[in-house]
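Undergrad: A single structure is presented below for examination.
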């Protein structure tokens, strides 16, 4: 079968894209299923199923024959294609073998070419290296040739100097015109400088040769000398005494004449420069500066130019410095004293700006000139101006003769900001006025003289390269380091002695609180005002001041020491305290102004100068002991304001000032002010963190024993203020007498008539108790005794919240992330808060005990037995059954007034803890009080009304625990009210009370001895006598009286 005989299968159809087998099969069967050659009109007969089946069978047979023929053609086409593929594969294998052979041949040739290129590259590298070495040798040879020519020229000039006669006239007569003509002075200066370098090298080489020769000769002589001749000296021993004058023509003579010529040239150029400065001839000044630069003396002419500037001609002392004694340290006083400094700084800044635009046209090295100008301004002018600014203030601030005496030493000990001892560069007289002792020089020049300034400090000579010769000035008075007396112990708490605080004897203040006036002279003060929650637990009696809570204040006229001084010296703690505060404020303000001057100088020079080190150097002698002055100021202010408050607790509490929010906030405000100055004045982050830690908590163990630190004064002030109020309350309770001392009423004993010798007058019974009178008496008692204590605790809580805010807002940002210092400050804060919490908790516990005793005494003195068990035959008062007893009115009024006062001063868990503790104690007192009487049926009803009144008062406190306790007490009173036959259902059902407990309350019934339940006595119903714990105590006294 050939290609032409393929009628059904076309092999090319399989190569087309989109070949589909169903389409291919449909094309094959199309002629069978849908024939085209059927005659028109002739249609297969499909009328019957058999005919239709016949037609279908015919088509199926035709289709099978078609498919068989297509299969044969496909097999034939497959064979033909397979033959073609085999032929192509054999031809491809042959071609691939030829290609691999050619590729291998090309690879061998390319490898040979690469090797040739590598060899060529190595040869070229060697040639380049040889060329480079040749070039270097040629350059060195050319340089040596130029150097040799220059040396020959210099030797010729040196020979001229060697033949030069003596005298300055010979310079113009014996030297070439190069060395004396005005237009060639710069070239002459350059040659003279080279000659000096050349002669210095020659002299150095000669000295080395002499040393080597002398060493060799000495070694040879030592080898040949005898042992006995070791002590004798040779001819060379005394030959070095003097040297003969160098003869003309020698090298030494040439060097001497060259030095003389340089001096003559420099004198001539400096004279021309001075004349040019006087005539303001910039061109001539520039020429002279170039000549001096060629002589390597540009720095000296720059220094001379700076010294001739007008700004350095006027003395700093001539400024109008304020010397009047300060009356305050507020902003206006600081601004007034800074005004002369600001004027000087403005003039110096303008001068630097003018010279920054002028010096580039005068000096070859304008940056050097600007740097020397800025250095001269800061080291000479600024330092002297700071001395004059702080001179009199420092003298008053650090003079021990005028310092405020607080009962402790005023020195803290020499300490650096990190707490370490400084070196021995300064010592202070321990008994003098704070002046320095000894002598020395800050710049190592060794020329000091005693000064007579107000600070009594040393005089030091300015450095020669920066300051003019002979100018001396006194250094700023340096603050004496405050002594740090050794202390032991930590924050005082109630019951511990605080005598180690070294406080002075308290003096009564001119202001007195109404409460303290009943006992002695006291000191009033502004209260806290407001309320705030604490953070104590809500289910127990613990107390917390760690939260941002507040408390109600009382009073409003206390002292309020401000951070900016007061209107008089005495108001700020005496002359020394005021002067010290003013000194610190002036120091900080001057530092800011000096920084602004440095920024102005940097801006004038286009940012090419960094003046920050100059500012640091100017303030270094003033800040050497910092922050010791801050600690001294804080300590003296706190000692002046709070000294009595931190005194010995054995002192009469009426003589101690009460706790006020104003004074506590003044401590925080002064601490924040000192920390702000530390952030400004401390040099680096580590020094700043250490200084802030000293101001805040002091040194380890951070327990408030660092003089001047905030944690020394604030916790002690809070603890002393809270305990002072409690001490006054307890003192009132011990002395008695005034009506406000107790809620209960005692009979009044009239005095004996004068001259009467008979029996004393009968007692006057107190008037009947009314509801309003009882409420007024309770309110008077609570406001006079409980309210001040709660107000002090609320103020302490509020101050602790402010302290935590101060720690977060002022202390932590200043620490700058220093972990050690942040941990120390957090530890100190925790110790302080825990100490205040412990003190407040102890005071509250004492207050609860006092209230419990007062509540019990009211019930004891005011409750009458006939109120619950009327005497036999007494008529029944039906109106009294619905009216609370006098004891209930007074005791309930006490609880009601206590709840109102507690809500006014406390909040949150602190309020709940106090009321819960008092309520539980009151409930226990009521249960015990209930068992002291025997109750008739009417008396039981009156007692139930009293218990309902107590429960109603305590329900107003909003404590579910107390409501549950009072509900159980009300149910327990039912034992006294119900009929005898209802006791068992009540005890066993409602109360679910053990019979041994129930018998104690059943025995309080008046009918207990004779009442019967189903023929049995109540004793038999609820147990025998041996079943009662503790044995049979017998009937209560009231029951015995009832039986009688």
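Numbering (full-length UniProt numbering), first residue to last: 1 to 1044. Virtual Cβ for every residue (Gly too), placed ideally from N, Cα, C.
(1) To the nearest angstrom, how far is the alpha carbon of residue 189 from that of residue 596?
(2) Can you name, in chain order, every residue of its own chain whose Cβ lies under 6 Å from the Cβ of residue 372, other than the five neighbours on each side?
(3) Alpha carbon to alpha carbon, how far is residue 686 from residue 344?
(4) So what does DSSP say about residue 935, is it helix, strand or coil?
(5) When the Cβ atoms of the segment 846 to 855 are set against those of the segment 900 to 913, are three or more pairs found closer than 8 Å?
(6) Taking only runs that begin and end inside the segment 786 to 847, name each unbroken alpha helix (DSSP H) of 4 or more residues, in chain order.
(7) Applying the criterion that 16 or more other CB atoms from any shown protein chain within 10 Å of the CB defines a buried residue, is residue 1078 buried or exposed?
(8) Do residue 721 and residue 658 have their CB atoms nearer than 8 Å?
(9) Secondary structure at residue 17, three-state DSSP: helix, strand or coil?
(10) With 16 as the cutoff for other CB atoms within 10 Å, does residue 988 come out buried or exposed?
(11) Whole angstroms are fine: how far does the CA of residue 787 sit from the CA of residue 409?
(12) Can you confirm whether the segment 689 to 700 touches the segment 613 to 621 when touching is taken to mean that 3 or more C-beta pairs between the two stretches lie within less than 8 Å?
(13) Looking at residue 894 and residue 781, is the spacing between their C-beta atoms short of 8 Å?
(14) Taking only the alpha-carbon atoms, compute the straight-line gap between residue 321 and residue 389 and give it to the nearest angstrom.
(15) DSSP state of residue 903, grouped into three classes?
(16) Determine the DSSP secondary structure at residue 327, reduced to helix, strand or coil.
(17) So if DSSP puts residue 1017 in a beta bridge, which residue, or which two residues, is it bridged to?
(18) Taking buried to mean at least 16 other C-beta atoms within 10 Å of its own C-beta, is residue 85 buried or exposed?
(19) Under DSSP, the alpha helix (DSSP H) around residue 1056 begins and ends at which residues?
(20) Would you report the Cα separation of residue 631 and residue 588, rounded to the nearest angstrom?
(21) In chain order, what residues of the same chain have a beta carbon less than 6 Å from the beta carbon of residue 708, not counting five sequence neighbours either side?
(22) What residue ranges within the segment 593 to 631 form continuous alpha helix (DSSP H) runs of no fewer than 4 residues, ordered along the chain?
(23) Could you have a look at residue 358 and say whether DSSP puts it in helix, strand or coil?
(24) Measuring CB atoms only, is the segment 978 to 988 touching the segment 941 to 954, in the sense that at least three cross pairs come out at less than 8 Å?
(25) Taking residue 803 as the reference, which of 108, 883, 213 and 831 has the closest Cα?
(26) So for residue 384, helix, strand or coil by DSSP?
(27) Taking the alpha carbon of residue 197 as the reference point, which residue from 154, 271 and 222 has its own alpha carbon closest?
(28) What did DSSP end up calling residue 1005 once you bin it into helix, strand or coil?
(29) Kindly indicate the opening and closing residues of the alpha helix (DSSP H) around residue 963.
(30) Leaving out five residues before and five after residue 848 in sequence, what residues of the same chain have Cβ atoms less than 8 Å from its Cβ?
(31) Report all residues from its chain with a CB closer than 7 Å to the CB of residue 69; omit the five preceding and five following residues, and keep chain order.
(32) Give the range of the alpha helix (DSSP H) segment to which residue 928 is assigned.
(33) Going by the beta-carbon positions, is the gap between residue 626 and residue 681 smaller than 8 Å?
(34) The alpha helix (DSSP H) with residue 365 in it runs from where to where?
(35) Could you name the residues of the same chain whose beta carbon sits closer than 6 Å to that of residue 1001, not counting the 5 residues immediately before and after it, in chain order?
(36) Between the segment 257 to 274 and the segment 282 to 294, do three or more beta carbon pairs fall short of 8 Å?
TA: So, to answer that:
(1) As a first step, residue 189 must be located in the chain shown, where it is residue number 189. As a first step, residue 596 must be located in the chain shown, where it is residue number 596. When rounded, the distance between both Cα atoms is 42 Å.
(2) On the chain shown, residue 372 is found 372 positions in, with the first residue counted as 1. Excluding positions up to five away in sequence, the list reads 302.
(3) As a first step, residue 686 must be located in the chain shown, where it is residue number 686. As a first step, residue 344 must be located in the chain shown, where it is residue number 344. C-alpha separation (whole angstroms): 33 Å.
(4) Locating residue 935 in the chain shown gives position 935, counting from the first residue. Per DSSP, reduced to three states, the secondary structure at residue 935 is strand.
(5) With the cut-off at 8 Å, the segment 846 to 855 and the segment 900 to 913 do not touch.
(6) Counting only runs of 4 or more residues that sit fully inside the segment 786 to 847, the alpha helix (DSSP H) segments are 787 to 806 and 812 to 815, in chain order.
(7) With the chain covering only 1 through 1044, there is no way to say anything about residue 1078.
(8) In the chain shown, counting from the first residue as 1, residue 721 sits at position 721. In the chain shown, counting from the first residue as 1, residue 658 sits at position 658. Less than 8 Å separates the beta-carbon of residue 721 from that of residue 658.
(9) Against the chain shown, residue 17 aligns to sequence position 17. In the displayed model, residue 17 falls within coil according to three-state DSSP, outside both helix and strand.
(10) The residue labelled residue 988 in the question sits at position 988 within the chain shown. Exposed, because fewer than 16 other Cβ atoms sit within 10 Å of the Cβ of residue 988.
(11) On the chain shown, residue 409 is found 409 positions in, with the first residue counted as 1. On the chain shown, residue 787 is found 787 positions in, with the first residue counted as 1. Low local confidence applies: a pLDDT of 40 at residue 409 is under 50, so the model's placement there is unreliable, with the coordinate-based value given in what follows. Those two C-alpha atoms are separated by around 39 Å.
(12) In short, these stretches do not touch, since the Cβ pair count stays below three.
(13) For the purposes of this step, residue 781 is taken as residue 781 along the chain shown, with counting starting at 1. For the purposes of this step, residue 894 is taken as residue 894 along the chain shown, with counting starting at 1. Remark: C-beta atoms of residue 781 and residue 894 approach each other more closely than 8 Å.
(14) For the purposes of this step, residue 321 is identified with residue 321 of the chain shown, where counting begins at 1. For the purposes of this step, residue 389 is identified with residue 389 of the chain shown, where counting begins at 1. One C-alpha to the other measures close to 7 Å.
(15) Numbered from 1 along the chain shown, position 903 holds the residue referred to as residue 903. DSSP places residue 903 in the helix class (H, G or I) of the three-state scheme.
(16) Translated into the one-based positions of the chain shown, residue 327 becomes position 327. Reduced to three states, the DSSP call for residue 327 is coil.
(17) Walking along the chain shown from the start, residue 1017 turns up at place 1017. Bridge partners of residue 1017: 1012.
(18) The residue given as residue 85 occupies position 85 in the chain shown. Exposed: under 16 other Cβ atoms inside 10 Å.
(19) The question about residue 1056 has no answer, for the chain in this structure spans 1 to 1044.
(20) Here the question's residue 631 lines up with position 631 in the chain shown. Here the question's residue 588 lines up with position 588 in the chain shown. Using only the alpha carbons, I get a separation of about 15 Å.
(21) The residue you call residue 708 lines up with position 708 of the chain shown. Cβ neighbours of residue 708 beyond the five flanking positions: 631, 634 and 635.
(22) Every unbroken stretch of the alpha helix (DSSP H) spanning 4 or more residues and falling wholly within the segment 593 to 631 is given here in chain order: 612 to 619.
(23) Taking the first residue of the chain shown as 1, we reach residue 358 at position 358. Helix at residue 358.
(24) Cβ pair count under 8 Å is below three, so no.
(25) Counting from one through the chain shown, the residue named residue 803 turns up at place 803. Of the listed residues, the one whose Cα sits closest to residue 803 is 831.
(26) Against the chain shown, residue 384 aligns to sequence position 384. In the structure shown, residue 384 sits in a helix (DSSP, three-state: H, G or I).
(27) Taking the first residue of the chain shown as 1, we reach residue 197 at position 197. Ranking the options by Cα distance to residue 197, first place goes to 154.
(28) Within the chain shown, the letter at position 1005 stands for residue 1005. Residue state for residue 1005 is assigned as strand, using DSSP reduced to three classes.
(29) By one-based count along the chain shown, residue 963 stands at place 963. Start and end: 960 to 977.
(30) For the purposes of this step, residue 848 is identified with residue 848 of the chain shown, where counting begins at 1. Excluding residues up to 5 positions away in sequence, 541, 914, 917, 918 and 921 lie with their Cβ nearer than 8 Å to the Cβ of residue 848 in the same chain.
(31) Here residue 69 refers to the residue found at position 69 of the chain shown. The beta carbon of residue 69 is closer than 7 Å to those of 8 in its chain, skipping five residues each way along the sequence.
(32) As a first step, residue 928 must be located in the chain shown, where it is residue number 928. Start and end: 908 to 930.
(33) Here residue 626 corresponds to residue number 626 of the chain shown, with the count starting at 1. Here residue 681 corresponds to residue number 681 of the chain shown, with the count starting at 1. Taking 8 Å as the Cβ cut-off, residue 626 and residue 681 qualify as a contacting pair.
(34) Counted from its first residue, the chain shown places residue 365 at position 365. Segment: none, residue 365 is in no alpha helix (DSSP H) and carries neither H nor E.
(35) For the purposes of this step, residue 1001 is taken as residue 1001 along the chain shown, with counting starting at 1. Closer than 6 Å at Cβ, skipping near neighbours: 975.
(36) Contact check between the segment 257 to 274 and the segment 282 to 294: three or more CB pairs, one atom from each, fall below 8 Å, which counts as touching.
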